[in-house]
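S.K.: Residue numbers (my numbering), protein chains in the order written: chain A, -15 to 192; chain B, 154 to 370; chain C, 2 to 125; chain D, 116 to 503. C-beta atoms are modelled at their ideal positions from N, C-alpha and C, and glycine is treated no differently.
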Amino acid sequence: MGEGQIDEALRTELQRQGVWVTSMQELYNWGRKNSIWPLQFGLACCAIEMIATAASRYDIARFGGEIFRPSPRQADLMIVAGTVTKKMAPQIVRLYNQMADPKYVISMGACAISGGPFKQGYNVLKGIDRYIPVDVYIPGCPPRPEALLHAFMELQRKIDEQKLTGADKAAHLDPEEPSEFPVPAFGKHDLEPPANPDVFQPPELKRV
Amino acid sequence: MESLEQIKARAEAAIPGAKIDIVPNLGPANQPSLLIDNEHAPAIAKFLRDDPTLRLDFCSNVTGVDWLDRVTKKTVKVKKVVEGEEKEVNEPIEERIPGYLEAVYHLFSMAHKHGPITIRMRTRDRGEGARLPSLTPVWRSAEFQEREIFDLYGIRFDGHPDLRRILMWDEFEDHPMRKDYVQPDDFEWEPTPHDDVLARAKQHYAPRPAEQELRPS
Amino acid sequence: MNPNPYLFIVIFIAVALAFPLIPLALAWVWRRFFQPPKPGAEKNAIYECGVESIGEAHIQFRSQYYLYAIIFLIFDVETVFLVPFAVAFTGLPVGAFIAILIFLFLLVEGLVWAWGKGCLQWAR
Amino acid sequence: MSATVQTLEAMERPPVTMSSRLEGELLEVSMGPQHPSTHGVFRMNVTLDGEIVRKLKPVFGYLHRNHEQIGEQTTYLGSMPYTDRLDYFCSMSNNWAYALSVEKLAGIEVPERAEYLRVILAELTRLQNHASLLGFLLSDMGAWGTPLMYAFREREKILDLFESLAGSRMMCDYMRFGGCRVDADDNWLAGARKIVDRFPKFLDEFEELILGNEIVIARTQNVGKLSADLAISAGITGPMLRACGVNYDVRKVDGYGFYPRFKFRIPLGEHGDTYDRLMMRALEMRESVEILKQALAQIQPGAIVNPKAKIRAFRPPVGEAYGRIEAPKGELGFYLISDGGPNPYRYRVRPPSFINLTVLEDLCLGHTVADVMVILGSVDIVMGEVDR
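(1) Does the structure place the region 206 to 225 of chain B close enough to the region 243 to 260 of chain B that three or more beta carbon pairs sit under 8 Å?
(2) Is the separation between the beta-carbon of Ala65 of chain A and that of Met83 of chain A shorter than 8 Å?
(3) Which residues in chain A have a C-beta closer than 8 Å to the C-beta of Gly499 of chain D? List them in chain order.
(4) Three or more C-beta pairs under 8 Å: does that hold for the region 285 to 301 of chain D against the region 227 to 234 of chain D?
(5) Could you name the residues of the region 138 to 155 of chain D whose beta carbon sits closer than 9 Å to any beta carbon of chain C, in the order they occur along the chain?
(6) Identify whether Val225 of chain D lies in helix, strand or coil by the three-state DSSP scheme.
(7) For Leu345 of chain D versus Val494 of chain D, is the C-beta spacing smaller than 8 Å?
(8) When every heavy atom of the ligand NAP is checked, does at least one fall within less than 7 Å of the C-beta of Gly165 of chain D?
(9) How long is the line joining the alpha carbons of Gln298 of chain B and Leu472 of chain D, rounded to whole angstroms?
(10) Distance, Cα to Cα, Pro117 of chain A vs Ala179 of chain A?
(11) List the residues of chain D whose Cβ lies closer than 8 Å to the Cβ of Tyr66 of chain C, in chain order.
(12) How is Trp220 of chain B classed by DSSP in three states: helix, strand or coil?
(13) Listed in chain order, which residues of the region 346 to 357 of chain D have Cβ atoms closer than 7 Å to some Cβ of chain B?
(14) If you count every other CB in all the chains shown that lies within 10 Å of the CB of Ala152 of chain A, and 16 or more means buried, which is it?
(15) Drop a sphere of 10 angstroms on the beta-carbon of Ile197 of chain B, count the other beta-carbons inside from all chains shown, and report buried for 16 or more, exposed for fewer.
(16) Applying the 10 Å Cβ sphere with the 16-neighbour rule, what's the burial state of Ser216 of chain D?
(17) What first and last residue would you give for the beta strand (DSSP E) that runs through Ile452 of chain D?
(18) Once DSSP output is grouped into helix, strand and coil, what is the label at Ser163 of chain A?
(19) From Lys87 of chain A to Met355 of chain D, what distance separates their C-alpha atoms?
(20) Classify Trp123 of chain C as buried or exposed, calling it buried when 16 or more other Cβ atoms lie within 10 Å of its own Cβ.
(21) What distance in whole Å lies between the Cβ atoms of His193 of chain B and Ile168 of chain B, which are believed to be in contact at a cut-off of 8 Å?
(22) Give me, in chain order, the residues of the same chain whose beta-carbon lies closer than 6 Å to that of Ala358 of chain D; leave out the 5 immediate sequence neighbours on both sides.
(23) If you draw a straight line from the C-alpha of Pro290 of chain B to the C-alpha of Leu252 of chain D, how long is it?
(24) Using 8 Å for Cβ pairs, my map puts Pro129 of chain A next to Thr37 of chain A. What's the rounded Cβ distance?
(25) Just verifying my parser: in three-state terms, what is the DSSP assignment at Glu366 of chain B?
(26) With 8 Å set as the bound, which would you pick, yes or no: does the beta-carbon of Val16 of chain C sit closer than that to a beta-carbon of chain D?
(27) Using DSSP's beta-bridge definition, name the partner residues of Leu326 of chain D.
(28) Who pairs with Tyr213 of chain D in a beta bridge, going by DSSP?
(29) Taking its Cβ as the centre, do 16 or more other Cβ atoms sit within 10 Å of Ala118 of chain D, making it buried, or is it exposed?
(30) Which stretch, first to last residue, makes up the beta strand (DSSP E) that contains Arg463 of chain D?
(31) To the nearest angstrom, report how far apart Asp222 of chain B and Asp311 of chain B are at their CA atoms.
(32) What number of angstroms, rounded off, separates the C-alpha of Leu367 of chain B from the C-alpha of Gln146 of chain A?
(33) My parser needs the beta strand (DSSP E) runs of 3 or more residues fully inside the region 306 to 330 of chain B; what are they?
(34) So for Pro81 of chain A, helix, strand or coil by DSSP?
(35) What residues from chain C crowd round Arg57 of chain A, counting only those whose CB sits closer than 9 Å?
(36) Could you tell me if Glu301 of chain B is buried or exposed, where buried requires 16 or more neighbouring beta carbons within 10 angstroms of its beta carbon?
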């Protein structure tokens, strides 16, 4: 039970006598996790599965994510659904920068994670986490609507655990954490820089 | 629909000086094509479109093809003196065909509803001389496809209304669909390498002599 | 002592104001004290579908839209004048009715002239 | 602004005369890659005079995934799953187009039951593609989401059929050179018959809901008129061409697959405006239901793959072939040049929606900004196929 957590036993005991106890952090996180507004922004085939998730059968409205906002100013969540090409990467990073601050990124589909089946393409960025931090990855090509719903619940669990104060507080409350990342420029042969070093630290693989 | 030979004869009759020859297609698809020379290409195209019996008014598909320098082995009958007496002997000689870029047009007729007539145009070489006359004034559908061929193969189409890059960003310089295009090396992290992708990933990690010291490992 | 009949309206307005303003005030307090501001060149740039905005926004619009707005304004003000007339309509003599008709006729005549001039034509 | 910048800018602007003050200047805006109704990452640089479109330059390439270069680096069979991702609404008809071209390249026969299955699956794909298109077009017009829910409800039923047969909802990868991968058992065919029988009821409800709606009529009639000869010269194919009254449908012209065995009509429009394009899709859905009824009645048990066709080490003879089918968006063609090796030497896709966009500027000139969205919606583009 970390510092600032409410003792669960005490909470259930009080609840039995009709007294509900909560904390500012729980209330804040509860409010934000149940009304995440995704940015209306589809790239390729995964976007069609995202629309199918928003349609009546798999209904993302049950998780509070029904309102797809066209403008990044009103969106909290960017679902990168589809192949990120090098021509589209600067636009995606600019959209991420223009989103209001408590913002999250779901990288949907193999293409957004690592280039997927189109990895050998010359115009395909090998994964969006080279330029912006990603919160939840969904493998699959395209991932089924249930997988997107599971990612949504995963993101809600992640929001629920965010701290408001203390050392490891949420990124958007921490003045040092950057809320903006440099937009790559179009170079002669490739994007310049090919990856944002302080966002993309791949593990050092020793090739035997 | 008439055979390609008849079309070739009538086209050469209609357009003086036009040099057309027939490129055979060996596969079972049996779709031979007409190779037309670049100077008379627009005139031939107009003829194919406006000729009452042909009426090829629908240019369905425009494709760029990159043929590298090829070395073909051919056996040629050569008279040679073998052990003192004259004899025909098959001697394999290697013939180097210089590379060229090619634009292939598949033409159909919506008026008469008959099948594909394929015409091809070849550039002089793969470097500076990669120029072809544009057929957009004849068929408007070739506009975007010729821009794509210029973008990905580098054939400059003279007479095209708006020749710009269509798929790659404007600052991009090479022509990526050519056979000798080398991709930028952004394979530094390759968790599940497989065949040639593994090769590229390995090549990325291979210690390059010159810059190895520069980059702090 | 029965309360003043308008008291309920006052309470209603007070509650109607309180409901939206309290959460907004809470949000403002949160923004002011807990949320560190992180402005940036890219974040404050103009949002135009993800690309840098091309062209200039402060340009001179066609004067026709301005005329459209003016004509709307005239008829908006006209309805403001009609409201007291409509409320007291039953107790008024015939002369007041004629006067309001003249008022209406003048405005409608102006509308017909504007329509004839083509000010109301939107797409050209 | 400093003085110098001011003068530079003043020089740029034309001299201000009395008439130009009334006219107003042109506003250049980009309806960019991230836009609610561009059906993916498609960008248009629009020059507006107030609300009237004066110039419209489409910008492509935001989803250029190098499908053709990857096609040249993988084997013939390896490219089959990539064709699902071309036009990711109609993976079955993409597979069929590719399989048809390779069969023409290598001269492979297809058994009868496989041909029937191909026709059934292609027509099911056409149904769900046209239903989704009508849903998207209506949401472009402002009926946000509601018609889309109806359309996606029907689409989900058809996707269930694809999933139970091919294993995946959208990316079926179902056809092979010389037949199909899996045989459809009887209760799959029964399920298909049930859905096809119930589809006309949805069509009546959908048509009554939208095509009779006077807002739709007001927003689509006489908007984006396309003349027949411009359409032919610009290589427009599919419902957009038939809306201008040109009777050209690759199913009737080429007679590929078993289409000559079925009796179905080709709807034709007269004015070539957006309303005709809308009606084309609605009427084509009815014709597809007719084809499906006949195909599901005539299908007989039998082999689904030509035993002689080699799947694994498949090396077609040297040569080239251009095969095409009537995909829901137009004429989808594959042009393959083989040099005898396992990989195609040249792998080219003839994308219908990419070429149908040639006339987008001609359609939109003189219309208002709101109409540009409706016209783009009626062209029915999918970015995976436009940018390849």
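M.R.: Taking the coordinates as given:
(1) yes
(2) no
(3) Ala28 and Cys29
(4) yes
(5) Glu138, Gly139, Glu140, Leu141, Leu142, Glu143, Val144, Ser145, Met146, Gly147, Pro148, Gln149, His150 and Thr153
(6) coil
(7) no
(8) With respect to the ligand NAP, the structure shown offers nothing to examine, as it has no ligands at all.
(9) 11 Å
(10) 12 Å
(11) Gly165
(12) strand
(13) Ile347, Ser348, Ala349 and Gly350
(14) Looking at the sequence provided, one finds Asp at residue 152 of chain A rather than Ala. So Asp152 of chain A counts as exposed.
(15) buried
(16) buried
(17) Gly445 to Ser453
(18) coil
(19) 41 Å
(20) exposed
(21) 5 Å
(22) Gly384, Gly387, Asp391, Arg392 and Met395
(23) 33 Å
(24) 4 Å
(25) At Glu366 of chain B the pLDDT is 44, less than 50, meaning the model places this residue with poor confidence; the figure from the coordinates comes in the next sentence. Coil at Glu366 of chain B, not helix or strand.
(26) no
(27) Answer by DSSP bridge pairing: none, since Leu326 of chain D is not bridged.
(28) Looking at the DSSP assignment, Tyr213 of chain D forms no beta bridge with any residue, so it has no partner.
(29) Below a pLDDT of 50, predicted positions are generally treated as unreliable, and Ala118 of chain D, at 46, falls in that range; the measurement from the model is reported next regardless. The residue in question, Ala118 of chain D, is exposed, as its Cβ has fewer than 16 Cβ neighbours within 10 Å.
(30) Arg461 to Arg465
(31) 25 Å
(32) The pLDDT assigned to Leu367 of chain B is 43, lower than 50, so where the model puts this residue is not dependable; a value taken from the coordinates is nonetheless given after this. Each residue's alpha carbon lies about 41 Å from the other.
(33) 309 to 311
(34) Pro is not the amino acid found at residue 81 of chain A; the sequence shown has Asn there. Three-state result, Asn81 of chain A: helix.
(35) Tyr48
(36) buried
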